[in-house]
Each structure stands twice: as structure tokens, then as C-alpha cells.
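Below: one structure, written as C-alpha cells.
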Amino acid sequence: MLYNPPSPLETKVLSRRFGLPDSAAIGTYLATDGYQAFLKASKMTPAQIIDEIKASNLRGRGGAGFPTGMKWSFVPRTSPKPKYIVVNGDEGEPGTCKDRVLMENDPHSLIEGCLIAGLAVDAHAGYVYIRGEYRYLIEILEKALAEAYAKGWLGKNIQGTGFDFDLYAHTGAGSYECGEESALLESLEGKRGVPRIRPPFPAVSGAFQCPSVLNNVETFCAVPHILLGGGKAFADLGVPKAGGTKLTALSGHINRPGVYELRLGFPVRQLIEEVGGGIPNGKKLKAFIPGGSSCPILTAAECEGATMDYDSMASRKSMLGSGGVIIMDEDTSMVKVGLRLMRFYSHESCGWCIPCREGTTWLTKIMTRFYDGNGSRADIDLLGDIAKNMLGRTFCPLGDAAALPMISLVEKFRDEFEDYLKGKRREETSGRLVTV
Amino acid sequence: MPDPVKFTIDGLALSAPPGTSVIDAAKKAGIEVPSFCYYEGLTLVAACRMCLVEVEKMPKLMTACTLPVAEGMVVRTNTPQVHTARKYMLEFLLTNHPLDCPVCDKGGECELQDMAFRYGAGESRYTETKVHTPEKQFSPVVFFDAPRCILCYRCVRVCDEGMGVKALGVVSRGVVSEIAPNHGDHLECDECGACIDICPVGALTSGTYRYQTRPWEMTHVGTICTHCSDGCKTTLGTRNDRILRGNNRDRSGINGEFLCIKGRYGFDFYDHPDRLQAPLVRKDGKLEEVSWSEALAAVANKFQQVLGEEGSFGIIGSNHTTNEENYYLQKFARQVLGTNNIDHHRTGDVVTTLDALSGKTGKLATVADLYRAKAVLVLGADLALEHPLLSFQIRANYRHHQAHVYVVTANPVREDKYAAAVVRGRDYASLAARLKAEPDLAILFDDSYKGDDIRAVVEFGEQLGIPVKYVPLVDRSNSRGAVDMGLTPELLPGYQPSGQPGLHYDEMAAADLSVLWVVGANPLKAGASRKAGFLVVQDMFLTETAAQADVVLPAACAYEKNGTVTSGTGELQRIERAVNTMGAKADLEIIGYVAREMGAAAKMGPWTPDAVFQEIRGAVRGYNVPMPVLVTGGAAGTTPINGRVAADARPDLVRSDHNGLFASGTLGRYSKILNSVVESRQSR
Ligand SMILES: Cc1cc2nc3c(=O)[nH]c(=O)nc-3n(C[C@H](O)[C@H](O)[C@H](O)COP(=O)(O)O)c2cc1C
Ligand code: SF4
Ligand code: SF4
Ligand code: SF4
Ligand code: FES
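Put into C-alpha cells, the structure is as follows:
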């Protein structure tokens, strides 16, 4: 099912089957070039496949934006150990809901992406790790897997190519941290979802201590298109050093929330005004989260001239992240936003390391007290100070993900925190964005 | 060896083998990098973030525990950024810490206190409520105070990796993450207390020690555990003549910091209410308390009388008493009482082993060898239950050096889990091809191998074509010393043949002797009635044997006297007095006093441990060990003979008690803590 009508400004590549009748069915998939990319790849050498991915400038869509071709090339193909393909479908990042739309509407493109990755690194099994709360997707995926097995697109000697590949679906149990790649692997292995020391990275020692390719759902879904249309064509859709389109989940104070597939480099202003249809009630933009709540928050001024790509966001000291865009209008209480976010991170901190476990909890407690009207000016400094001293010192990036928005909130919206102490509180008018 | 890597830490030009961690390299150079979760010998978890250091060309601070040194690396541990990071880490840690140092067991020796003192801030900015959870009792031994826990995961790792038990884990997440036991609300494990010992704070505390004392009020005495033959050093913390705890935090001794429940907590038998504190003499059929002089006179007079009448004597010694006591006892038997009727409960066929190895050198494996051997073959024994230290060493060898462990036992054992091969039964010969391919080997066997079985094992080992060492397993803290000291009818000290036959343990218990003198043994345990005309017993408790005696002399336990003992692996160590029990005397002293009463003092020589030990050094091959090693608390390896043993080894007399983790002969019966573990399991 689709949650929003498409926008004419979209560039439909990964989402081109969305809206087709029975788009998730293998029949629909096969009728629209489905599994052709795999057949093509099966006649290529692994190096050629990886070169094609490199040429596409595809960067990981899970948040970190690591070049995918390069990641695949790190897998030691000649290792005597089995190799695995692992799909990160945990999609826990607040504001992000694009992997779900992909898995729901075009699960076979994910399967095909895994097959091609398998060819590239000599893997013969893979796991799709799906966020616990997406339980309904398991059925959809299981059905797609069964269809693929039934039609000979999974299993032994796929379509006479001599290539064997098995793919399994696995659900998490409701932990944001299990989206972090190494915690995901622990969880997949049936252990407590805490991250691993890296190096070694999953490419060398991943699932069951074997070399593994671990990518986001959207990353895998892009692979068949790259193989079919060529890396260069995909690269040309985006900007230099970052090819293709990005599924962008637009939420918050926006007239037309939804998931839209846009070229990398799409202007932020146009995203809000034209794709999203502007902010309800003609309100002004106050704050903008570009790619999930873990990215530093941008002010309206900082959004001027910004485009949705890695470099533009990096130059504004934020990140493109996962593509979860959150729009906040002028009435949004940033104190409340701070409380909501800190609650999320302290609830989701896995607890493995001191600065994140204790830091996020402390921030939450201060924010709660502050929000309840028992704050002081010293608290505003303390919030920033705690966050800055978590930053870069935690075991995994979750600690940073909590610290960054906190720092940007107290630095960029300090006035509002001070006003709050004086009793000037903002109440949202345009729908309940932030519930506490 | 690959070329060393060159790097600098705080401006010092250093080098270390590739793969060395920055934290180790710094430590070696005398630079302290604070750490909670890093622990030598355990896997890395990098959770505490205390060890952050600055590394040139790296954008972020790096954890020194996980960072290997690299050529040209420039590390700084003494910069404002590093200091700030440490200070904040401690502030974070203390936010939810109860700071109940005034009543915490760990106060005064707590790593968190020390770190806060050195690296922390004097004041906290935390004004919110703290997370609190009530204290829990996991087992008779283990208590857990979650709020004090800093989640360093040392306990989890030492239990899993060190002990191979894996009884502790972590539940929940975030700030309410908690250490949890393996059976929901309680722990079922070895109860060794390694988790408690390794805990840097007062989160895990022991049932025996908690709330007993402040650490700085104790005196610490390093001695040797008196239970099994593994010979662990245990440091007893005493106050007001009471033992309050045992541990080995200074890692001295052959066991490092390892101890099982018996070494760490099983000292408590010494102040059991049933402990004998006055000599007893049978009067009108009843044992009555008398003075030492009366009791000693009664014994001496009887001995003199029987000597005069040319009556018969039998002497049963102990495998718990010291070498000095055993040596002195057999000397007394042979030279004063003129008899070879002397024996002890033999728990392993040491004699055949030494005989089979005659003419070869360096054939007895030490505890350290078990950690270094490339391969280990375990025959018969359930090491984890009966020889906890040896089991620990082999496991550590496997974890740290990937040693190949071969198991040939009748039943499943803990070593199976990581063994290179497991054979159920006794067919070790089927492993020949694999063992031949090993660079070297240590073979351990229990009492199910004796006599010709041992000769076969040695023959097997010697034809493998690789260096092989052996461990004949025995039961008790000085089982090995008892044989070395000549506590058998057929052998004198140092395995010299006595030449004259004498009665054995069982024979003596059943014979119509004029006098049976039992020192630290319980031959009538099974309920037989005494046959001897006169029965003298030296013991700590009124055992089944003592209850039938004419004279009972209250003996001191190993923690109340000085001397030496020899572990099952032949390592000679000193024991040291930690406490005194009023009324009890060391067996050596008692024997000396009996000699004096009989006018045999000059013949026997002084009965001080040092003087007797000097005599042993001269008389027993292999015991002429360097004194400095011994005096400083070290262990000295002994090989008491290298040649054929010209006497029948009597393998038929060898029988092990096979005491597991929570049993220890008479001592175990009077240990509250060991019994409470057994009871807690039975009540389940
Ligand atoms: C706390 C945390 C949560 C994460 N959650 C997700 C997630 O839900 N989905 C995802 O694809 N990547 C997530 N990531 C990123 C992954 O660690 C990893 O970088 C990514 O899956 C790699 O795939 P890609 O290269 O295709 O982006 C998360 C990272 C962190 C630190
Ligand atoms: S930063 Fe530390 S506590 Fe937080 S999620 Fe990562 S490992 Fe867990
Ligand atoms: S109980 Fe002690 S050893 Fe275990 S994690 Fe907590 S502080 Fe560390
Ligand atoms: S292993 Fe043996 S010597 Fe060591 S502490 Fe346990 S009982 Fe004592
Ligand atoms: S010692 Fe390095 S993180 Fe704990």
C-alpha cells in the first residue's frame, strides 16, 4: 500500500513499480524487467559487478553514506569461510519510513539486490533483518521469498546459472540500537543487541564471524537498477560523488507528508514548498532535520540554498542521514523537541558504554525537569556541556546521535530555552508533532 | 618474532611487538592509563571509555585498550582533552552510583574511589534522582547490589571465559541494564567467587565477608589453601584472630588470582563451634577434658609401657599436615617407636609414576606447564570439579594459546566444550596419530589409572616422539608431600626402600595393635569399631575415629601453623599462620611434646618447622630448593627421585575420594559455606 500520492517532481527509479497493481507480486516484478539484472550480473565477473556499483557512485542509504562499491570490494572473496549478505531493515531512525515502503511495494527488488551482492562477493546465503515493529512486513517478505523459491529465483542453481543462494527473513525485538550494523549482527546471532568492537568491520568479520556485506534496504534495492541501466546512468541522476536518487520521508509540519524519490541534490526549499506543498496554515519554517533525528538540526536560515546531498549538508555541519526529513514550524517548542529526543535516546541506549548510558539518562532528566518548569539557566549550559562531552567518546555512534541534536538545540535555539524559563512557552498550532 | 613497532607515548620513544595494545605498552613504560573494563587475560569490551588517549592524526580520542600500536604512532595520555574526558567519564559514572562508600565492603580498596580521587572532579553537577534497585542474593556466596555496578562486564567475562561456567549475563538495556544470574532469580555455578573478586566496586559481595570489616583493619597473610592438591595461594584477611576472607588479588603464587570456593571461602571450618579446644582423655568410658600436660603424659606413658612390653604400634598420618609434620611423624615412628607400621590415605599412584619415569628428567608438569603446553591430554579426571585450578589453567591455555585439549573420560566433563577431541572411556591410544603431530604434551591422570595402567600411559607418551610431561593427580593439599616424606611402610623419605614390611592403612585400622596413633585422619569414618588397645587421635574435630579414642589431642589447622606443603604437581610452598585457636596445637608441636615426655627429644631433634625443613632438605632429593624462592612465597618444583623405586608401589591401596567443588573430607563437613551451597541446591 502507498501512503501518499506521488509528486510530479519525483524521479521514479526505485519506486517505479509503486502503484502498479499487485506491485509486490513476482508476476508484476517479472513483467517489469524483474530479475533481469541478476541474469545480466550472472554473466559478469565479480570485479565487473563491483566496478559497475563503484561507477554508480551509490552511497549507503542507511545513514552513514559509505560508498557501496568500495564496501563490497573489502570482502575477502577468497576467504575459506562462507560469506553472508545482511540486509539492514531495522529502520529505527526517527522520521525514517522509506525502507518499509520499499519492502512492502517491491520486495523482489530487495531479493534481487541480495542475489547480485551474493554474486559479487561469492556469498550463498543472506538475512533480511527487519525491525520488530514491522511485523506485518514479515508476511509480505516471506511471501515474496516463497514466490522466488517457487519460481527458481532463490535456492539451488538459480535459473541454470549454477549459482546457489538462500535468503531468510528475521525480525528484531524492538531496539533502535539493533539498526547499528554490529549490534544487528549480534542480535541476528541471537545475542544481546550491543555493538561490537570494530575493526574488524563486517566485510571481514560479520555474521557468525564470517565476511559479510551489510547494507541498508534502499541500498540493495538500488543495485538491480544500476546493473540494468548502467552505473554511469545512475551516477548522472545525482551529484558528483553521490549518484542516484534518495527516498525521502517527509514528515512534521508539512501539507503533504510522505515518501518521495528525489534526485540527490534536490533543493531543500523546493522539497518543502513544492513536493511537500508547504507548511500548514502558512506558518514559517523554524527548524529542519535533514535525515533522521540523529542529524544536527538546521535553522530556517541554514536551509537557505541547501540541497539534499551529502556535501551540502556536511557544509552546514549536518548530515544527509537516512532521508528522514522532519519539518518544524515557527510554533514548535524546541524545549519539547529536546525532551522528546532525549527520551528516545535514553530509552534506546543499549547501555553498553558509560557516556551514552549515563549521559542520555542525565540529559533526559534535566530536560524533564526543565520542561516541567523547574529548570535554571545553568541547566542550559549543562545540557550543552554534557552532550559535548559525550560526543566522540561513546562506543558507537548512538551516543553521538543523541549528543548532536542536543548541542544544536541549545546552541541554535538558546533564546527559546531562556524564554521558557521566563514563562514564555510555545504551543504548537499545526497538529501534534511532538508528543511527550 | 616479527620486528618490533616503534612509537611514542607522552614523548617517550618506545617499541613493542606488533599487536601490543597502547594500554599495555603504556603500562610497561610506567604510564598509567586508567581503565575499568580492560582486564588482563579477558576479552576486550571497550565499554568504560576511561582509557581514552590522544593519538596524532586521529580526529577522536581513542580507546587505548583496543588500539594496537603502529609504526610512528604518537600517543598522548597527559593532555587537557584526555583529562577532561576522564573527569567526565567519572562524573557520568557517579550520576547513578549510590556513593554509599561508608558502608560498602569495597570502600578503601575500590577502583572507582581510586579513580575518582585521581581523575575525577571534586563535586558533581548531578542533582536528579538516582536509579535504584534493591540488593539481591544470587546464591549463598554471591550477593549483588545493582546500583553500585558500573557495568564493566568483568564478572560476566571471568565467569564465562575464566571459569567456563557462563552463569552471569546482562539483562535489560540502557541505564537499567543489570547483571543477572543464570537461573532467573538465582545462580547455579561453581560459587568460586571470581566474579566478586574481580568486581572493581562493591556491586558483587560475598556472603562470608560482606559487612564484616573495613579492609584497612585487616592483616593479610599469604598461605596455601588446605583443601585440594592444586596448591593455590590464598591471602587470608584477618582481624582480631579471625579469618574474614580469602583471595589472591596480588596474583602471587602458582594460581595467579584464581581460587575456587574452597580456597576463597572454605576456610570457615576453622572456627566451627565443634572445634576441639582442649585435650580429651577417656575416663570411666567417657572422654573428658583435661590439661595438655595430663593428656601428653597419658600418651607418653602408654607409649613407654607398650615399648617396654614390646607391644605393637601403628601410625596413620595425614595428607593435610605439613611436610615437616609428616617427616617428623615417620621419624618418630621409625626411630622412637621402631616400627614401619605407618601409612596415610593414598589418593594417587605417585610411586608408580615416579618409577615409570625413572632415568628421565623434567617429566613432571607444573601448574605453569599446563598453561604453556601446546597440547593436554586428560585421562579419567573431572578436573573442573576435582582440580579447579588445573582446569582453569588448561582453559586459559586454550583461550590464550589455542592449546589442543584431548579428553578421555568415562563421563562428560567441562573440558569437552572446547576439546580438540573427546573419547568416552579409556581408549586414549586411538588419539596416537593426532598426539604425535603435537609439538609437546602434558598428560594428567587420576586414580582410575594406577600401577600397570600408568606404566602403559608413560610408555604411550614416550613413544609419541614429542616432549611429554605428566601429572599424577592426588586429592589433598599435601597428598604428594605425604608420599615424598615417607609416610608409607615400604618407603622412607625420598622413596628409599624401608626394607622391612609394615602394616597398611586398612590393615592398621583392623589390626589388634597395642597402640594406634592417628594424626589428622579418619580411618574409622565408615563406622568400624576400633581394634587397637589404645587409640590416640590428633584432630581438629571429634571425628568418628576420635570419638573412639582414649586420648584426643586438639590439633591446629593449616591456617594456624607454619611449614611447607607439596602440591599435586610437586610444587613446594610455605604455609603461614594466620590465626590461632585457643587450646589447639600444631601437630608438629604435639609430636615434639610427646617425644619430650618420652625423653626422646634429643633423638628427634627440634620440632620447629624451620629446623625440620632443613633436615628434609638434606634427606629428600629434590627438596633442597633455593630458600629465597620459598621464603618469599614462591613455589619451588621438586622431583623427589630419579631412578627406580625399589619397593612395591601397592597401587591396590590407592583410592581417591573424588571430592567435588563443595566437598572436602572432614574439613568440608565442618565448613558452613560449603554446606550451605549443598543445602541450597537440595532445597531446590
Ligand atoms: C544507532 C544506529 C542506528 C542505526 N540504524 C540503522 C537502521 O535502522 N537502518 C540502517 O540501514 N542503518 C542503520 N544504521 C547504520 C548502520 O550502522 C550501517 O551504517 C548501515 O546499515 C550500512 O548500510 P549502508 O552502507 O547501505 O548505509 C544505524 C546506525 C546507528 C549508529
Ligand atoms: S553509545 Fe554506548 S551505550 Fe550507547 S548505544 Fe552505543 S554502545 Fe550502547
Ligand atoms: S557487578 Fe562488578 S564486575 Fe560485574 S559488571 Fe558490575 S561492576 Fe563490573
Ligand atoms: S583449586 Fe584446590 S587448592 Fe585451589 S582454591 Fe580450590 S581447593 Fe584450594
Ligand atoms: S579500558 Fe578501554 S574502554 Fe574500558
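These protein sequence lines map, in sequence, to chains F and W. If you read the first sequence in the working numbering, its first letter stands for residue 2, the second for the next number, and so on. If you read the second sequence in the working numbering, its first letter stands for residue 371, the second for the next number, and so on. Cβ atoms here follow ideal geometry from the backbone N, Cα and C, with glycine treated the same way.
Can you say whether W/M952 is buried or exposed, counting buried as having 16 or more other CB atoms within 10 angstroms of its CB? exposed
Closer than 7 Å between beta carbons: that is the criterion. Which residues of the segment 456–479 of chain W meet it against chain F? Y458, M459, F462, L463, T465 and N466
Is it buried or exposed for W/Y875, if we count other Cβ within 10 angstroms and need 16 for buried? buried
Does the Cβ of W/D739 have 16 or more other Cβ atoms within 10 Å, making it buried, or fewer, making it exposed? buried
Residues whose Cβ lies closer than 5 Å to any heavy atom of ligand 1, in chain order: F/G61, F/G63, F/G64, F/A65, F/F67, F/N89, F/D91, F/E92, F/G93, F/G180, F/E181, F/E182, F/N216, F/N217, F/T220, F/P398 and F/L399
Shortest alpha-carbon distance to W/G969 belongs to which of W/K536, W/E461 and W/L666? W/L666
Would you check if the segment 593–607 of chain W and the segment 933–946 of chain W touch, i.e. whether three or more CB-CB distances between them fall below 8 Å? yes
Rounding to the nearest angstrom, what Cα-Cα distance links W/R846 and W/N1029 in this structure? 10 Å
Please classify F/G325: does DSSP put it in a helix, a strand, or coil? strand
Can you say whether W/N781 is buried or exposed, counting buried as having 16 or more other CB atoms within 10 angstroms of its CB? exposed
By Cβ distance below 6 Å, which residues in the same chain neighbour W/R609 in space, the five residues on each side in sequence not counted? T583, E587 and M588
Residue ranges of each beta strand (DSSP E) within the segment 53–99 of chain F, 3 or longer: 85–90
Quick check: is the beta carbon of F/I367 nearer than 8 Å to any beta carbon in chain W? yes
Can the beta-carbon of F/I327 be found closer than 8 Å to that of F/I355? no
Kindly confirm or deny that the segment 791–808 of chain W and the segment 707–714 of chain W touch, where touching means at least three C-beta pairs closer than 8 Å. no
Shortest alpha-carbon distance to W/H757 belongs to which of W/Y698, W/W887 and W/N625? W/N625
Is F/C354 close to chain W, meaning its C-beta is less than 8 Å from at least one C-beta of that chain? yes
If you draw a straight line from the C-alpha of F/G230 to the C-alpha of F/F221, how long is it? 15 Å
From W/I401 to W/E914, what distance separates their C-alpha atoms? 59 Å
Heavy atom of ligand 5 within 7 Å of W/S405 beta-carbon: yes
Could you check what DSSP says for W/V676 in three-state terms: helix, strand or coil? helix
May I have the straight-line CA-CA distance separating W/R518 from F/L111, to the nearest angstrom? 47 Å
Against chain F: residues of the segment 405–433 of chain W by CB proximity under 7 Å: L414, A416, A417, C418, R419, L422, K430 and L431
Listing by chain order, which chain F residues have their CB less than 8 Å from the CB of W/T436? I198
I'd like to know if W/E498 contacts chain F, where contact means its C-beta is closer than 8 Å to some C-beta of that chain. yes
Top-ranked residue by Cα proximity to F/L59, from F/C296, F/K233 and F/V411: F/K233
W/A491 and W/K457 - do their beta-carbons sit closer together than 8 Å? yes
Let's test the definition: count the other Cβ atoms within 10 Å of the Cβ of W/N892 and tell me whether it reaches 16, buried, or not, exposed. buried
Where do the ends of the beta strand (DSSP E) carrying W/Q908 lie? F904 to D909
Does the beta carbon of W/S385 come closer than 8 Å to any beta carbon on chain F? no
Within the continuous alpha helix (DSSP H) that includes W/S576, where are the two ends? Unbroken run through W/S576 is the beta strand (DSSP E), L574 to S576; no alpha helix (DSSP H).
Short check: CB of W/C480 to CB of W/F406, under 8 Å? no
Which residues in chain W have a C-beta closer than 8 Å to the C-beta of F/T362? List them in chain order. T465, N466, V501, G544 and V545
Just to confirm, are F/M407 and F/L384 a CB contact at a threshold of 8 Å? yes
For F/W353, which residues does DSSP report across the bridge? The partner list for F/W353 (beta bridge, DSSP) is empty, contrary to what the question assumes.
Between F/C351 and chain W, is there a C-beta pair that is closer than 8 Å? yes
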